[in-house]
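Sequence positions in the sequence shown follow the working numbering and run 5 to 281. Glycine included, each C-beta is placed from N, C-alpha and C at the ideal position. Since we're looking at a predicted model, the values are computed, not measured.
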Amino acid sequence: MIKKSRRIHWFVLSLLLSLSQNFASASEANTAEYLEKYPYVYHLVQKSMWDEALKTNTTYFPPTYTQDNFTHATANPDFLLTIGNHFYQEVKGDWLCLRMSVDSLAATGVQTIFEGTAPVGDKEADFEGTDSELFPHILGGIHPLAVLEAHVVSRNKSGRFLAVSDVISSMTLYHIVSQKELETLTSDNIYSPLSIALEGYIHFSKLDLIMPIANDAYIDREVLYLLQVTFDEDDEDLRWIGDNPDYYRGLDLKMVEKKFEFTRGKDGRWLLPESLQ
5 MIKKSRRIHW FVLSLLLSLS QNFASASEAN TAEYLEKYPY VYHLVQKSMW
55 DEALKTNTTY FPPTYTQDNF THATANPDFL LTIGNHFYQE VKGDWLCLRM
105 SVDSLAATGV QTIFEGTAPV GDKEADFEGT DSELFPHILG GIHPLAVLEA
155 HVVSRNKSGR FLAVSDVISS MTLYHIVSQK ELETLTSDNI YSPLSIALEG
205 YIHFSKLDLI MPIANDAYID REVLYLLQVT FDEDDEDLRW IGDNPDYYRG
255 LDLKMVEKKF EFTRGKDGRW LLPESLQ
């Protein structure tokens, strides 16, 4: 007869094994789902470090590898600029974006797993969208043979990441406007709100910041719209202060790709247009 303490011991071991298998299955399912949606793995790298790896034909390890025990990467390219500006904006010099795949990394003996965000060194990954996205964590360094292409990263004078060649060459931004404000059109269909006269620019935002703004600054409007505009990376009239983009001229409505109308929820607060959810 098995003693009670031994039965408990085996029960705990069985439970841990079951949880481990379930976790592995969930991890594999997450990886398969992300590979179908995002076939590539991207890593932002200082050009000088990558040039050295190419020159010596050696495996590159990021500066925080010994602390993090893996190489951070991104599957969804929409997050590349956000990540660059959150973690690396203060790092001077030229940058590249390495494009790989799980298979190309595996061919060099390196496994990739998909997990939630993690700090890069001592800096927390507390940028917008981290609660709904999985990121590839490369369990090793990056050998030149694993890289399918190295893309050039464009930055402005303040170090802000603006674009990644052949991956992100433009940026889609949004402007909240009331019905009354939209009526402030000039004869040539130039939208010139009061902020142009008072501040000299029009406020734009990234999509993930729209709802806090709408329900803070525009909660009392009767009718509210959202204008979608895509800007070129070299548009000199679009300037950034931190994460806030401002457009320093009147907006030609020909630039507006889409106009969405907000609706209110039962609590009276604005809801994000359904097609953007």
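Out of the options, which has the shortest C-alpha to C-alpha gap to residue i?
{"i": "Ile117", "options": "Phe208, Ile223, Leu39 and Lys258", "result": "Leu39"}
{"i": "Thr188", "options": "Gly254, Tyr46, Ser105 and Asn73", "result": "Gly254"}
{"i": "Arg159", "options": "Gly88, Ala111 and Val181", "result": "Gly88"}
{"i": "Phe91", "options": "Asp212, Ile245, Thr176 and Arg164", "result": "Arg164"}
{"i": "Val260", "options": "Ile217, Glu137, Ile180 and Val45", "result": "Ile180"}
{"i": "Lys258", "options": "Glu278, Leu138, Gln281 and Val233", "result": "Val233"}
{"i": "Lys282", "options": "Asp170, Ile146, Glu137 and Lys263", "result": "Nothing in the structure corresponds to residue 282, since the chain is present only between 5 and 281."}
{"i": "Asp239", "options": "Gly120, Phe65 and Thr176", "result": "Thr176"}
{"i": "Val2", "options": "Thr86, Phe139 and Gln93", "result": "A question about residue 2 goes unanswered here, because the residues of the chain that appear run from 5 up to 281."}
{"i": "Thr86", "options": "Asp170, Asp55, Asp212 and Lys270", "result": "Asp212"}
Quick check: is the beta carbon of residue i nearer than 8 Å to any beta carbon in chain C?
{"i": "Glu185", "result": "Protein chains in the displayed structure number just one, and chain C is not present."}
Taking the straight line between their C-alpha atoms, what separation do you get for residue i and residue j?
{"i": "Trp274", "j": "Val168", "result": "34 Å"}
{"i": "Lys8", "j": "Ala36", "result": "Residue placement at Lys8 is flagged as unreliable, the pLDDT there being 47, under the threshold of 50; a coordinate-derived value is accordingly withheld."}
{"i": "Lys161", "j": "Leu242", "result": "14 Å"}
{"i": "Leu143", "j": "Tyr178", "result": "37 Å"}
{"i": "Pro3", "j": "Thr78", "result": "What is shown of the chain runs 5 to 281, which leaves residue 3 out entirely."}
{"i": "Trp244", "j": "Leu186", "result": "24 Å"}
{"i": "Ser196", "j": "Val45", "result": "41 Å"}
{"i": "Glu278", "j": "Lys184", "result": "23 Å"}
{"i": "Met53", "j": "His76", "result": "15 Å"}
{"i": "Thr112", "j": "Lys51", "result": "21 Å"}
{"i": "Gly272", "j": "Asn80", "result": "33 Å"}
{"i": "Thr68", "j": "Leu166", "result": "24 Å"}
Taking DSSP's pairing of strands, which residues face residue i in a bridge?
{"i": "Val260", "result": "Val233"}
{"i": "Asp239", "result": "DSSP, once it has assigned bridges, lists no residue as partnering Asp239."}
{"i": "Trp99", "result": "Gln50"}
{"i": "Ser182", "result": "Leu228"}
Check this for me: beta carbons of residue i and residue j, under 8 Å apart or not?
{"i": "Leu58", "j": "Val157", "result": "no"}
{"i": "Leu228", "j": "Tyr222", "result": "yes"}
{"i": "Val114", "j": "Ala154", "result": "no"}
{"i": "Ile206", "j": "Ile200", "result": "yes"}
{"i": "Ile194", "j": "Asp256", "result": "yes"}
{"i": "Phe208", "j": "Tyr252", "result": "no"}
{"i": "Ile146", "j": "Thr63", "result": "yes"}
{"i": "Leu84", "j": "Ile172", "result": "yes"}
Specify whether the region 119-127 and the region 71-81 touch according to this definition: at least 3 beta carbon pairs, one from each stretch, less than 8 Å apart. yes
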